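Worksheet: the structure to be examined is printed underneath.
There are 2 protein chains.
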Amino acid sequence: MIRLLDVPGGRAAEPLLVGKLLRTPLAVSPAQEIVYRGELRYDYRTLRQRIGRLASGLARLGVAEGTTVAVMDWDSHRYLEAYFAVPMMGAVLMTVNLRLSAAQIRETLDHAQAEVLLVHADFLELAMRLRGTLPRLRHIVVLEPAAGVDPAGVAGEYEALLARETADFPFPEFDENAVATTFYTTGTTGSPKAVCFSHRQLVLHTLGVLGALASPQFGQSVRHGDVYMPLTPMFHVHAWGLPYVATLLGLKQVYPGRYDADRILALRRREQVTYSHCVPTILQMLLSAPSAANTDFSGWKITVGGSAMSTALARQALDRGIDVFAAYGMSETCPFLLANRLLQRSGSGSGDDRPADDEVGNDEVATRCLTGLPLPLVDLRIVDEQMNDVPHDGRTVGELVVRAPWLTAGYVGDPAASAQLWADGYLHTRDIASIDPAGYVQIRDRAKDMIKSGGEWISSLQLEELIARHPGVAEVAVIAVQDQRWGERPLAVIVPRSGAGGPPTLDDITAHLETHVAAGTIPRYALPDRIELVDALPRTSVGKLDKKALRAQYR
Amino acid sequence: MIRLLDVPGGRAAEPLLVGKLLRTPLAVSPAQEIVYRGELRYDYRTLRQRIGRLASGLARLGVAEGTTVAVMDWDSHRYLEAYFAVPMMGAVLMTVNLRLSAAQIRETLDHAQAEVLLVHADFLELAMRLRGTLPRLRHIVVLEPAAGVDPAGVAGEYEALLARETADFPFPEFDENAVATTFYTTGTTGSPKAVCFSHRQLVLHTLGVLGALASPQFGQSVRHGDVYMPLTPMFHVHAWGLPYVATLLGLKQVYPGRYDADRILALRRREQVTYSHCVPTILQMLLSAPSAANTDFSGWKITVGGSAMSTALARQALDRGIDVFAAYGMSETCPFLLANRLLQRSGSGSGDDRPADDEVGNDEVATRCLTGLPLPLVDLRIVDEQMNDVPHDGRTVGELVVRAPWLTAGYVGDPAASAQLWADGYLHTRDIASIDPAGYVQIRDRAKDMIKSGGEWISSLQLEELIARHPGVAEVAVIAVQDQRWGERPLAVIVPRSGAGGPPTLDDITAHLETHVAAGTIPRYALPDRIELVDALPRTSVGKLDKKALRAQYR
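Sequences listed follow chains A and B, in order.
Under numbering that gives the first Met the number 0, think of the first position of the first sequence as 0, with each following residue one higher.
Under numbering that gives the first Met the number 0, think of the first position of the second sequence as 0, with each following residue one higher.
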């Protein structure tokens, strides 16, 4: 029989609580800076005091253990304060997705039973409009009120609230399985689903990400001495959990407010930021910003996730001196599961000590675009429909399924979807992937984005990557359309590149792809027999390609 | 009321089990090497298979969940296999302290209720002698039998046992609070006390140590690409937990067998070891070995703990190119609590990128000898007798008390000692320390080694450090002796350095210390008024100075 730890007179296991992440930075880095937009800066000692004041203020508004406190804000020091103060009280932090429709925001606030809302002045009008339909919502606190905002009907302004409260809030100790955060997954199908994470899960995720990102040999790292700036919204899966990691390490942190490419580049230069993370769209936006031409990007390490990073984008970033590398996760996984790192130096040197003007080889670019290697404690399998492991040959594809101590338990209030998520004891990502002998995982496609033609699978992601290399193509999305004979066939929806000698024709694209058929990269049956030209591709609230909308449009 | 994570249809929190540390290395580093004495090498894939075979073999000997399996071995791949296989079965690994007396070894095997003993041939005779007095001990398995060892009366030989078993042992999943390991603290007072650690504690300690040792900015690190060799015995607090960290990172690991300085240096060179950890005595032994003069020590990072590292020893190691740094912990704390790292480069460059022939400044040597900075999640306080925090001024001393998720729950079967260990909700280290404004902790002395003279404290450790700088002194221990007038007075017990112009006199020592009194480093009342010359100082089973024996001898 298992012998459980039980020592009479001794002490039970210490619970893993989010507040304990503050222990080391307060002891070692109390004078380290936290910066908001370059307009406001304070130290970790002040952060800790403001966390106490915020908790005192929320308690005065009736927030107790189990209360949901929602936040609608751009990336800010205030959001960081809420990341700690709300869970540390035993309350639940709801991070509201700012890119949802008003109706969806109302629906999620209602579902989460939010009682207090901290809302940036930019969203105050919306909040005031919704509050009448949200009977549980008792208080609204305004963040950063612009001149002329009428404070009538709100509980007050954030800074005024903090100013009159004590920093000595008596944070309690409680069960580590207490819910700390909740938010709603968007994705391209169905209505938003609620996931939540416990203190234990957030602490373990923080330690797992720290272990993965601190330990690489040739760059792609986050360590003491780095300066951190998130470029993934803080409402999106805790900004991938990195604010907790940066705080635990006691790093200088820079919060950019609402994203604006030129302002981000200026802020990055002024505050000497060395580490950020973002989706490919944001990286592309930074590299194409008006001020990008005159910007020195070297010394910036950027994790790219959310969707696949193309080799073209990686090459562009590397050429500018960015140590760019892929990572992977999802809302349900807290989110980190995989992070890329170089296992060896490329011929011309790589990583931290690469000379700025050194050429990066194609092999290394391809390696950096692989989705990554599993984090510590992540049990990762790629399986067929009978849950058998596929060969680790870098080619055979299957569904990526995972276990790890920080994965969501399921969808709140949706037992059927929860059971489906966790079928056979593994969390099903619904992403189709391969794994190579070195352990690198490559996400090939969303399960639903694979195209089944004549009984064979075609990867829309791979087709997109290849079509995007055509000089006449600015952006492309490949979707499945119904076909009488083959079941499904690929359709390429293309945004032409302006000034590239006219939009590409189907023949142009076919001729371009023929070389890849000849090289054996794709099978002949993967060649699209139809293209559509559009001005822009539809995107979801978090900037991902909205294939659901495309599929509705082209049948 | 706290809202607990409970999602119908979903999945409960995944338990933290030691076996899960193998997930990432098996996925990413299956071909990485594990080396024993340079005589045997195999890969992680084989490690995993041998762990399965060992579990199958132990199960055949009747080992089940809750059974205690004891090991008596030098540092070896077999010990690493037992570190995983025994806990992964739900059984308890007892690491027997080889330096205890035969009577103490018998006593601890009996107390731990060991049923199976894996014993190196070097200790087989002892084991066979003891077994008649240990009715619970059912089986003895011999490790590395020398020719001529009679296998009669033993369950067999380790390799033969593994050879006939399957690698597919069905390792169960169970409560993370299950006991994984147990061993006995030695120290200089009382009889050995049993501590034990759960799976949860070992996993969290592994993540905490990884976070601390992977993230430093200027060297003092353990990361991918390092080659690991323990130089702290594997029976001593899981070799400080580093075999688990090295395995999680998928590092090449080198196990040196019984310690022999010249063989260790040859092995280190041949296997290109980059990271080790040891007590000061072992480091001194390596630097003084016959082959040391012809050895290139550069590229070796060494954590020094167990007792204080003198600036003289650190200087000697740094001059040879070793990136040497202090750390701190104890048997009760799994053991890591503090690890040193440089917060800034010294004038002449420091850490990983220091040129081999560059001089290390005195400030940096002093910094490296500070005991260190707290690990992630460690709550560390230095308190007076009323549990009030002392000022963080680098001077005021108090007792170091700690909390962290991996500290022992108490002493098995000793509720009074357990309650005393955990008085006021903190683990009492009984070490006297100061903390400076940068967060560096410096252990000044064991509480019982402080000398109270005329109502004032004198640090025996500080006196030892200063007296050791006298050219005529090879080794020194300072203890308190009773004094009618002052309560206690310091006595210096000195091993003279041969060939240094005769042994030092009390006048020599006093004159030597006067400069430090003049400089304000020590008060005048700290000057010893008696010295004793001896040939050697008494040491405990783990090589620490045995002040208990000295105090018994000199009253």
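Note that the Cβ used here is the ideal one computed from N, Cα and C, for glycine as well.
Remember, it's a predicted structure, so these values are computed and weren't measured experimentally.
A:Glu-80 sits close to A:Leu-46, with the two beta carbons spaced by under 9 Å. The region 361-373 of chain B and the region 193-205 of chain A do not touch, with fewer than 3 CB-CB distances between them shorter than 8 Å. Of the candidates B:Tyr-157, B:Leu-99 and B:Ser-100, the residue whose Cα lies closest to the Cα of B:Leu-116 is B:Tyr-157. Every unbroken stretch of the beta strand (DSSP E) spanning 3 or more residues and falling wholly within the region 453-517 of chain A is given here in chain order: 455-458, 472-482 and 486-495. Interface with chain B (9 Å Cβ-Cβ cutoff): A:Ser-214 is included. In the structure shown, A:Val-221 adopts coil according to DSSP, grouped into three states. B:Pro-242 does not reach chain A, its nearest Cβ partner there being about 15 Å away, counting only Cβ pairs nearer than 8 Å. Look at B:Trp-421: its C-beta is under 9 Å from a C-beta on chain A. Between A:Ser-459 and A:Lys-546, the C-beta gap is smaller than 9 Å, which places the two residues in contact.
At least 9 Å separates the CB of B:Phe-83 from every CB of chain A. Here DSSP, grouped into helix, strand and coil, assigns A:Ile-530 to strand. Going by DSSP, A:Met-71 is part of the beta strand (DSSP E) stretching over 67-71. Taking A:Val-178 as the centre and dropping the five residues before and after it, the same chain places the C-beta of Val-91, Cys-195 and Ser-197 closer than 7 Å to its C-beta, in chain order. Assignment of A:Val-17 by DSSP, reduced to helix, strand and coil, places it in the helix class. Identification of chain A residues near B:Asp-378 by a Cβ-Cβ cut-off of 8 Å yields Lys-19 and Arg-22, ordered along the chain. Looking from the CA of A:Glu-64, the closest CA among B:Arg-2, B:Lys-251 and B:Thr-407 belongs to B:Arg-2.
Shown here, B:Pro-242 sits in a helix according to DSSP, grouped into three states. Beta-bridge partners assigned by DSSP to B:Tyr-227: B:Gln-252 and B:Tyr-274. Within the same chain, and ignoring the five residues on either side of A:Val-6 in sequence, no residue has its Cβ closer than 6 Å to its Cβ. Under the Cβ criterion of 9 Å, A:Met-127 is not counted among the residues facing chain B. When C-beta distances to chain B are compared with 7 Å, the residues of the region 57-72 of chain A below that value are Glu-64 and Gly-65, in chain order. Contact of B:Met-0 with chain A by beta-carbon distance below 7 Å involves Glu-64 and Gly-65.
Nearest in C-alpha terms to B:Glu-124, of all of B:Leu-142, B:His-110 and B:Leu-241, is B:Leu-142.
Short of 8 Å from the beta carbon of A:Ser-190, and not among the five residues preceding or following it, lie these beta carbons of its own chain, in chain order: Gln-103 and Glu-106. Between A:Leu-285 and A:Ala-291 a beta carbon distance of about 7 Å is seen, short of the 8 Å cut, so the two are scored as contacting.
Any Cβ of chain A closer than 9 Å to the Cβ of B:His-427 would place that residue at the interface, and such an atom is absent. Using a CB distance below 8 Å, the part of the region 161-185 of chain B facing chain A consists of Phe-173, Asp-174, Asn-176, Ala-177 and Val-178, ordered along the chain.
With fewer than 16 other Cβ atoms from the protein chains shown falling within 10 Å of its own Cβ, A:Lys-451 counts as exposed. Here DSSP, grouped into helix, strand and coil, assigns B:Ser-330 to helix. For A:His-223, the neighbours in chain B by C-beta distance under 9 Å run, in chain order, Ser-214, Pro-215, Gln-216, Phe-217, Arg-340 and Leu-342.
In this chain, the alpha helix (DSSP H) harbouring A:Gly-51 covers 43-59.
Annotation: B:Leu-379 to B:Leu-465 spans about 28 Å, alpha carbon to alpha carbon. Taking a C-beta cut-off of 9 Å against chain A, the contacting residues of the region 358-389 of chain B are Leu-372, Pro-373, Leu-374, Pro-375, Leu-376, Val-377, Asp-378 and Leu-379, listed in chain order. Taking 9 Å as the cut-off, the beta carbon of B:Gly-424 is found no closer than this to the beta carbon of B:Ala-416. In this model, B:Val-492 and B:Gly-328 are separated by some 27 Å (Cα to Cα).
In the structure shown, A:Ser-433 falls within a strand segment according to DSSP collapsed to helix, strand and coil.
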